[in-house]
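Under full-length UniProt numbering, the first residue of the sequence shown carries the number 1, and numbering increases by one thereafter. Even for Gly, the Cβ is constructed at its ideal location relative to N, Cα and C. Report on the following structure.
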Amino acid sequence: MSCTEHEGIPGTTVRRALEDMQDRMPPDRWTALVAEAHRRTLIRPQTTLCRRDRCDRPHPMR
Numbered sequence: 001m002s003c004t005e006h007e008g009i010p011g012t013t014v015r016r017a018l019e020d021m022q023d024r025m026p027p028d029r030w031t032a033l034v035a036e037a038h039r040r041t042l043i044r045p046q047t048t049l050c051r052r053d054r055c056d057r058p059h060p061m062r
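Here's what the structure looks like:
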């Protein structure tokens, strides 16, 4: 897999960053960040992120 880098620092997408952080912060804070990312159109409107422990749909990170 290739990695996007800027001056030697690996980059990521907002969605991936949110997915990576969901188990490292309180649920209400994570949910607020997802809502803020939607509001700022940093992730697509149809993007549905849910916490792994509260998700009824299959999650790619499970």
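Would you kindly check if the distance between the Cβ of residue j and the Cβ of residue i is under 8 Å?
i: ARG24; j: LEU49; result: no
i: HIS38; j: PRO27; result: no
Apart from the five residues just before and just after residue i, which ones in its own chain have a Cβ nearer than 7 Å to its Cβ?
i: VAL34; result: LEU18 and LEU49
Kindly list the residues whose CB is nearer than 6 Å to the CB of residue i, restricted to its own chain and excluding five residues on each side of it in sequence; keep chain order.
i: THR41; result: none
i: GLY11; result: THR4
Mapping DSSP to helix, strand and coil, what is residue i?
i: PRO45; result: coil
Taking the alpha helix (DSSP H) that residue i falls in, what are its first and last residues?
i: GLU19; result: 14-21
i: ARG29; result: 27-39
Taking the beta carbon of residue i as the centre, do at least 16 other beta carbons fall within 10 Å, making it buried, or is it exposed?
i: GLN22; result: buried
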